[in-house]
Each structure stands twice: as C-alpha cells, then as structure tokens.
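Data first, discussion second: the structure below is written as structure tokens.
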Amino acid sequence: MAEPVACCLHGIDMCNIRPGSNVVVIGGGMIGLLMLQLARLAGAAKVALLEPVEGKREVGKKLGADVCIDSIHEDVKARLKESGMGWVNVVIECVGRPSTIEQAIDIAGNKAVVMMFGLTKPDEEIKVKPYTVFQKELELKASFINPYTQKRALDLIDTGRLDVSSMVYEVTGLDKLEDILSKPELRANGKYIINPAL
386 MAEPVACCLH GIDMCNIRPG SNVVVIGGGM IGLLMLQLAR LAGAAKVALL
436 EPVEGKREVG KKLGADVCID SIHEDVKARL KESGMGWVNV VIECVGRPST
486 IEQAIDIAGN KAVVMMFGLT KPDEEIKVKP YTVFQKELEL KASFINPYTQ
536 KRALDLIDTG RLDVSSMVYE VTGLDKLEDI LSKPELRANG KYIINPAL
C-alpha cells in the first residue's frame, strides 16, 4: 500500500488544503478512500465522498467522511448545501472519467482547486467552458506519480494514522484470481488480497 499512498500524498500536497477547508472526493475506490483520509489529516473541516456503490460509501463513512452521496441517484449540489458544504474549496477527482472531471469543475467553489487525480485514457477529452474557470478563478491541477513521498507514506501507515486495512474487501486464494480479474462487478466491491496458501 505504500506506493499508492505515496502517490496520493503528492496529489494532496498540490491541493493546498488549509485548516477549515471543505473538500469533496469523487470516487470511493482505494485511491478515493486514501484521499479522504489524507484530506482530514491535512486539516479539512468537512469531507464529502461522492460514490454510487453503497458498500464503498459505508467504508467512506467509517474512514471519516462527513457526508457520503450517491452521485447517480441524488442531487449532489443540494446534498452538499444541506451538509453545510455549499462552498467547496477543493475537489479531488479519483475516478478518471471525463464526466466526473466535468462534475468536479461544476461543483467547485470560487478560487477552488480541482485536482484531476483519476487517470483517464490517453485519448479522452473533457468539455470545459473557459468562462466558468475564469469566473470562479479555479486552479485545475493534475498529479503524476510520487516524487519524494515514499518515506512519508510508510510513516503514515506504520504509525496507524492512515487506515489501509478497511479497503480490503476479501482475502482469497489463487483459484478466484481469474474471476476477479475478468469481472468488473467483483472488483467494484473493493480490493482483494490473493494469498496462494489459501
């Protein structure tokens, strides 16, 4: 887990989260759940998680999300406003889809940082209205790999300040590996650990 944590640390450093910031994390996979925790450690007053899968929202709540929103079936802006997060300082997109990057830009408040952390396919494009970026004075950022953050990642894991075990859905043997790799619905549950001894 040290490598993904190190990547997330580099990204979170670039978000300029200040004590009292309102942060929205889009995507409740392993990376989003790490970002959620790191945002809290960076001083965020409130953190919201946008995630359509109920089980991942439950893990997000356990890991400290103040509000977990079903981004497909709920009105995201209305739920944020109800939760006291009508003004969003930082949005961290951890899905890597054009639609969720566009959503991140849409829900960001004035002078917000929008971190495009989820990896898109190389040829994908997003539709952005430059006037929206100008009007809100947004900072659009992206993070690549993990320069000089590996030791910090290890320290966070070793001291227990970051919960990496809650993201493990199941420990299973090699016999289930083919199914896990070939079926997206299984991978949607969370991370699997393959133990050849089982």
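All residue numbers for the sequence shown refer to my numbering, where the first residue is 386 and numbers rise by one.
Even glycine gets a Cβ: it sits at the ideal position worked out from N, Cα and C.
Fill in: Residue ranges of each alpha helix (DSSP H) within the region 494-579, 4 or longer
515-521, 535-543, 562-567 and 569-572
Fill in: Start-to-end residues for the beta strand (DSSP E) that takes in C453
For the purposes of this step, residue 453 is taken as residue 68 along the sequence shown, with counting starting at 1. C453 -> beta strand (DSSP E) spans V452 to I454.
Discussion item. Just verifying my parser: in three-state terms, what is the DSSP assignment at A429?
Written reply: The residue labelled residue 429 in the question sits at position 44 within the sequence shown. Note: A429 maps to coil in three-state DSSP.
Worksheet item: Looking at V556 and E578, is the spacing between their C-beta atoms short of 8 Å?
Response: Start at 1 with the first residue of the sequence shown, and residue 578 comes out as number 193. Start at 1 with the first residue of the sequence shown, and residue 556 comes out as number 171. A small correction: the amino acid at residue 578 is Ile; Glu does not occupy that position in the sequence shown. Yes. Within cutoff.
Worksheet item: What's the gap between the Cα of V409 and the Cα of T534?
Response: Here the question's residue 409 lines up with position 24 in the sequence shown. Here the question's residue 534 lines up with position 149 in the sequence shown. Distance between the alpha carbons of V409 and T534: 23 Å.
Worksheet item: Quick one, which of G412, N580 and S484 has its alpha-carbon nearest E439's?
Response: Here residue 439 is taken as the residue at index 54 of the sequence shown, counted from 1. The option with the nearest alpha carbon to E439 is G412.
Practice prompt. Could you tell me how far apart the beta carbons of A538 and A433 are, in whole angstroms, since I believe they sit closer than 8 Å?
Written response: If you number the sequence shown from 1, residue 538 lands on position 153. If you number the sequence shown from 1, residue 433 lands on position 48. Actually they are not in contact, since the Cβ atoms of A538 and A433 sit about 24 Å apart, beyond 8 Å.
Discussion item. Using the three-state DSSP reduction, which class does E478 fall into: helix, strand or coil?
Written reply: As a position in the sequence shown, residue 478 is number 93, starting the count at 1. If DSSP states are grouped into helix, strand and coil, E478 belongs with the strands.
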